[in-house]
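Notes follow the structure.
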Ligand code: SF4
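Set out below in C-alpha cells:
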C-alpha cells in the first residue's frame with residue numbers, strides 16, 4: 024500500500040484575511056507547524072512546535088466540513104513557514120475543488136506549486152528571499168520592527184518590480200510601530216520610492232484569529 028503523505032498542522036480555521044491586499048476576504052487558514060527563522064517578534068510562536076499529524080485526506084475532509092458553514096473560496100497556507108512542508112499534493116487537490124490558493128511565506132524557501140497568490144515577508148536582518156519570488160510575489164510585507172530603516176526598504180524596493188506593492192505592516196498593530204511606519208513612509212516618498220503603503224493587521228482589530 025502506498026504510504027500516506029502526512030503533514031504537521033497547528034490549526035485549520037475559517038476567518039478573514041487580515042493582512043496584505045487580500046485583507047477582508049473570507050479565507051480558510053491552514054497553519055503548518057515549524058519555522059526555519061524564529062524571529063523574536065513572531066506573533067505565532069505557538070506554531071513553531073505545536074501541531075497534529077494530518078493526512079492529505081484528513082485536511083481535505085476538514086476543509087470541506089468548514090466550507091459547509093463558511094463557503095470561502097480562498098485557502099491560505101501560513102505558519103510557521105508552510106514551505107518547510109511538501110504541500111504539493113494538497114494544493115493540487117484543493118485546486119481541483121475550485122479553490123484559490125494563497126501562501127504566506129518568509130520567502131527563504133520556494134516550491135513549484137499551483138499558487139494564485141504568494142504573499143512574501145522577508146525578515147530582518149538580512150531580508151533574504153529566493154529569486155523565484157521576484158516576479159511571482161503579489162505583495163511584499165515588511166514588518167515595521169524597531170530597527171527597520173529607509174535603507175532596508177530602499178533595497179527591497181530596488182529588488183522587486185515597481186508594480187509589486189510593498190506594504191509596511193505594524194508589528195502586532197503596536198502604536199510605536201505604526202508611528203515608525205508613518206515616519207518611514209514619509210521618508211520613502213521623499214526618497215522617490217514608489218508603490219509603498221501602510222498596512223495593518225485587520226483580524227486583530229476585529230478580534231479574529
Ligand atoms: S518567519 Fe514568520 S512565522 Fe517564522 S518566526 Fe519569523 S515571524 Fe514567525
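Residue numbers (our numbering): 24 to 232. For every residue, glycine included, the Cβ atom is placed at its ideal position computed from N, Cα and C.
Whole angstroms are fine: how far does the CA of residue 95 sit from the CA of residue 49? Computed Cα separation, rounded: 5 Å.
My understanding is that residue 101 touches residue 72, with C-beta atoms under 8 Å, so please give their C-beta distance in whole angstroms. Contact flag wrong, Cβ pair sits at about 16 Å.
Taking just the CA atoms, how far does residue 118 sit from residue 277? In the structure as shown, the chain begins at 24 and stops at 232. Residue 277 is therefore absent and cannot be evaluated.
Examine the ligand FAD and report whether any of its heavy atoms sits within less than 6 Å of the Cβ of residue 106. As presented, the structure is devoid of the ligand FAD, carrying the ligand SF4 as its sole ligands.
Option in 184, 161 and 226 with minimal Cα separation from residue 193: With distances taken between CA atoms, residue 193 lies nearest to 226 out of 184, 161 and 226.
Would you mind reading off the limits of the beta strand (DSSP E) that contains residue 77? 75-78
Reducing DSSP to helix, strand and coil, say where residue 33 ends up. strand
Leaving out five residues on either side along the sequence, give the residues of the same chain with a beta carbon under 7 Å from the beta carbon of residue 214. 173 and 177
Cβ-Cβ distance between residue 185 and residue 157 below 7 Å: no
Do residue 114 and residue 83 come within 7 Å of each other at the CB atom, strictly closer than that value? no
Among all the DSSP beta bridges, which residues are the ones paired with residue 160? 141
Within 6 Å of the ligand SF4: residues by beta-carbon to any heavy atom: 58, 60, 61, 62, 65, 67, 102, 103, 104, 129 and 146
Can you tell me which of the three DSSP states residue 223 falls into? coil
Measure the alpha-carbon distance for residue 191 versus residue 107 and round it to whole angstroms. 25 Å
For residue 199, count neighbouring C-beta atoms within 10 Å of its own C-beta (all shown protein chains included) and say buried if the count is 16 or more, exposed if not. exposed
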